[in-house]
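First comes the structure, then the notes that go with it.
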Amino acid sequence: MHRLYVLPTLLINIVIIAIPAMMTIVLAFFQWDGIGAPVFVGLDNFRDLWTDGVFWTALTNNVIWTVIFLTVPIAMGLLAATMMLVARRGSTFFQVVYFLPVIIATAITARVWQGMIYSPVTGVAGLLQRLGLEATNPLTETSTALYGIATVDLWHWWGFLCVIFFAALRQVPAEQIEAARVEGATFFQTIRYVLLPGIRPTITLMMIMTVIWSFLVFDFVYILTQGGPAYSSEVLSTFAYRSAFYDLAVGKAAAISVVISLFGLAATIFYIRVQAREFD
Amino acid sequence: MKIRTLLAAAALVAATTHFATAQERVSWWYEQATPDQQKLIQGNIVDPFDKSQSKYHLTVDYRGTELDKQLRVAMLSGSGPDVVYTAGPSYVAPMAQSGQLLPLDDFAAKYGWNDRVLPVLLDMGRYNNKLYALPKTYETLGLFYNKSLFDKHGWKVPTSLGELDTVADAMLKEGIVPFAAGNGDWRGANEWFVTLALNAVAGPENINKALRGEMPWTAEPFVKAINTLDQWWQKGYFGKNYFSLTSSEQTADMLAAGRAGMMPSGTWQFQNVSTYFGKSGAAPGFVGFPSASGDPIFPLGVGSTFSIAAKSKYPDGAAAVIDFVFSPAVYGSMNSAWQGEWNIPLKDLSKVKMADNVMPLFTQTMTTLAKAVNDGNYGYTTWTFLPPATDGYLINGIEEVWLKRTTTEDYLAKLDATFQKEKQAGKIPAVPAR
């Protein structure tokens, strides 16, 4: 009888996740413009992706994005959270300040950075240019566009990790920290041997989620550059979106989505195995 | 007394409700429109249409920028609006192919659309010799310029590609950006310049052949066209902030303020030109874009189209709405207030009355365009005549040429391959005979 309790959520999941997911997988083997009747083409969509330079650029950009977000915001979050733990005074204030960008809608954050920071007309970049300094909009250079977008997302994101890590750090038993201090451990030794092991499950979860989220990144890229210039900041989700809604190649978009899901699936399997090991 | 008033009110409500339900409710999904623009549609189309007859009641539903996607899903499920408003002729072919649209030939005969609408634009709505769509608005690309700046420097308005280069080089020497252009908000702006280069250098005849599959896009005239566009880019004609500037407002401001000398853009820019030149006090100018052949070229574009859903409950009502829009009264009232978005392709504009505050330059340009289209002297805009994936690659791929990540030859080869694939799938919009 108690199993019936899961029925509502199970139904919702089947209707809005399982069925669309299955349909996406099926559509990846069809050619479809979203209007007429789909035509079965076997593996053609995947073959086209294999030979498409834009697909490889997008995949590489997703990998770069994952590496950036697995290191920079996690390191920043950990450092700031640890410092707040050590110097408790004002920690609530800093938590609010760090967390503030997270609660601003991504579209607004993106537009603010685009117009007020990067723009050579209305932004800080333009102000510097008028002062005679060499300041270019990073979103307009093929070599810096992706990093320009990542900077905006980092600003938006790292505070979230900081607050999560701070909450986890506060769960580490005070006796352990005190014992380390009595034993003469330095600040970094305390972090390395007491605090980090204490919050390892939280860090693992955040890293796994970072991998999944990194392959789903869409909003900042789409708003700031739409994947350009010259595909230099294209990621798999913007590539799929353009294929489906501009090129009317829904089958190709479904194939790209399947690739994105594979990375998410790999990360999920890894997480489940890590979890299982911890339970053992 | 109170009871009597209440009863009277109830009777009035019931009578009104009965009247409303007796009318057939014709639905039309419209794209993004600001509250002011929605008022214009209500005041100049919906209310006058409802007053003009008693059988139908028009309701316009504003669906925002996602109209196209919503429409496709709705049409698949057969629950779309009566009046189908597509983003352009390239969307009409696949919809007609899948039987989602009603042929309009009988309505065209009934309402005399064949005599009232510019034939070239009517032909663009045909699929398998049947009429499926009427273009709502047509547009062209040309060269806006800052007349005051030209007068001050004694520059001649270019009438040939050589003169265009000469005046652009002179502007660069003065520290003025030759072309006010940007794609910071809309990457699709890239294709305005590709369209101009293809028409000005390769010429409409060659584009016509390529669209019909009689010439590949890798042919020499197209290589020359893309190389010319690339030269303009490499020489700095587009300025260093192209990828940052917004395609409409910031570029119009740049031109009006004299920071740029010319602005290759479309007739939809007249509204911004009017606003920003009004602020700066400078005088604007507009000419057809110079070409290699010597004559100015007017590439023809269609922004959106009207069709009737095959599953519409009230096809006659939908046809009546479309017919109402195709009137000199709607052309005059909508174009006066919302320039560039309601250039309804009427053959005869003599009965059109425009408001006094409309720039004479706009009226003059639209009359010239109507004549050029009627005489068959028009070019082709890529967003109107190319199928979706080809157009998508044309837009994004040109940046690779400009930024030296691919060559002109490779760009055109990929463009041609995409085009041939879509041509085989029957996705090419109708190309009227020249």
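As you go down the protein sequences, you meet chains A and B in turn. According to my numbering, the first sequence holds residues 1 to 280 in order. According to my numbering, the second sequence holds residues 1001 to 1434 in order. All C-beta atoms in this analysis are idealised placements derived from N, C-alpha and C, irrespective of residue type, glycine included. All of these numbers come straight from a predicted model, not from anything done at the bench.
For residue i, which three-state DSSP category applies?
{"i": "A/Phe40", "result": "strand"}
{"i": "A/Phe93", "result": "helix"}
{"i": "B/Tyr1111", "result": "helix"}
{"i": "A/Leu262", "result": "helix"}
{"i": "A/Arg192", "result": "helix"}
{"i": "B/Ala1320", "result": "helix"}
{"i": "B/Tyr1242", "result": "coil"}
{"i": "B/Asn1146", "result": "strand"}
{"i": "B/Gly1236", "result": "coil"}
{"i": "B/Gly1301", "result": "strand"}
{"i": "B/Tyr1314", "result": "coil"}
{"i": "A/Val54", "result": "helix"}
{"i": "B/Gln1097", "result": "helix"}
{"i": "B/Tyr1276", "result": "helix"}
{"i": "B/Leu1403", "result": "coil"}
{"i": "B/Lys1055", "result": "coil"}
{"i": "B/Ile1308", "result": "strand"}
{"i": "B/Ala1260", "result": "strand"}
{"i": "A/Ser243", "result": "helix"}
{"i": "B/Val1431", "result": "coil"}
{"i": "B/Phe1179", "result": "strand"}
{"i": "B/Asp1061", "result": "strand"}
{"i": "B/Pro1204", "result": "helix"}
{"i": "B/Gln1023", "result": "coil"}
{"i": "A/Trp65", "result": "helix"}
{"i": "B/Tyr1411", "result": "helix"}
{"i": "B/Trp1192", "result": "helix"}
{"i": "B/Val1373", "result": "helix"}
{"i": "A/Val163", "result": "helix"}
{"i": "B/Val1358", "result": "coil"}
Thinking C-beta only, is residue j closer than 8 Å to residue i?
{"i": "B/Asp1061", "j": "B/Ser1027", "result": "yes"}
{"i": "B/Ile1398", "j": "B/Val1194", "result": "yes"}
{"i": "B/Phe1243", "j": "A/Thr140", "result": "yes"}
{"i": "B/Leu1104", "j": "B/Ile1308", "result": "yes"}
{"i": "A/Ala135", "j": "A/Leu224", "result": "no"}
{"i": "B/Leu1101", "j": "B/Ala1180", "result": "no"}
{"i": "B/Ala956", "j": "B/Ala1170", "result": "Residue 956 of chain B lies beyond the range of chain B shown here (1001 to 1434); nothing can be said about it."}
{"i": "B/Leu1141", "j": "B/Pro1299", "result": "yes"}
{"i": "A/Leu169", "j": "A/Ile74", "result": "no"}
{"i": "A/Val54", "j": "A/Gly251", "result": "no"}
{"i": "B/Val1401", "j": "B/Asp1230", "result": "yes"}
{"i": "B/Phe1324", "j": "B/Gln1339", "result": "no"}
{"i": "B/Ala1318", "j": "B/Val1092", "result": "no"}
Nearest chain B C-beta to residue i closer than 8 Å, yes or no?
{"i": "A/Leu248", "result": "yes"}
{"i": "A/Asp33", "result": "yes"}
{"i": "A/Leu236", "result": "no"}
Along chain B, which residues have their Cβ under 8 Å away from the Cβ of residue i?
{"i": "A/Asp44", "result": "Chain B residues near A/Asp44: none, gap ~11 Å exceeds 8 Å."}
{"i": "A/Phe245", "result": "Asp1068 and Lys1069"}
Which chain B residues sit within Cβ distance under 7 Å of residue i?
{"i": "A/Ser119", "result": "Ser1244"}
{"i": "A/Gly36", "result": "Pro1094, Gln1097 and Ser1098"}
{"i": "A/Asp47", "result": "Asp is not the amino acid found at residue 47 of chain A; the sequence shown has Arg there. Those within 7 Å of A/Arg47 in chain B number zero; the least Cβ separation is about 13 Å."}
{"i": "A/Arg242", "result": "Gly1392"}
Kindly indicate if chain A contains any beta-carbon less than 8 Å away from that of residue i.
{"i": "B/Gly1376", "result": "no"}
{"i": "B/Arg1126", "result": "no"}
{"i": "B/Ala1389", "result": "yes"}
{"i": "B/Gln1420", "result": "no"}
{"i": "B/Asn1227", "result": "no"}
{"i": "B/Asn1114", "result": "no"}
{"i": "B/Met1001", "result": "Confidence at B/Met1001 is low in this model, with a pLDDT of 49, below 50, so the placement of that residue should be treated as unreliable; the coordinate-derived value is given next. For B/Met1001, the answer is no, since every Cβ of chain A falls outside 8 Å of its Cβ."}
{"i": "B/Asn1396", "result": "yes"}
At a CB-CB cut-off below 8 Å, which residues of chain A make contact with residue i?
{"i": "B/Asn1241", "result": "Pro120, Val121, Asn137 and Thr140"}
Run down chain A in chain order and give the residues with a C-beta less than 9 Å from the C-beta of residue i.
{"i": "B/Glu1399", "result": "Thr142, Gly228, Pro229, Ala230, Tyr231 and Ser232"}
Taking residue i as the query, report the chain A residues whose CB atoms sit under 7 Å from its CB, ordered along the chain.
{"i": "B/Arg978", "result": "Nothing can be reported for residue 978 of chain B, as the shown portion of chain B is limited to 1001 through 1434."}
Short-range partners of chain C found in the region 127-143 of chain A, where Cβ spacing is below 9 Å: In the structure shown, chain C cannot be found, because the protein chains are A and B.
Contacting positions in the region 1402-1414 of chain B - beta carbon closer than 7 Å to chain A: Legend: CB atoms of the region 1402-1414 of chain B lying less than 7 Å from CB atoms of chain A belong to residues Leu1403 and Arg1405.
Members of the region 1062-1074 of chain B that neighbour chain A once the beta carbon cut-off is set at 7 Å: Lys1069 and Arg1072
Where the region 211-233 of chain A meets chain B: residues whose CB sits under 7 Å from a CB there: Gln226, Gly228, Pro229, Ala230 and Tyr231
Near-chain A residues of the region 1245-1264 of chain B - C-beta to any C-beta below 8 Å: Leu1245 and Gln1250
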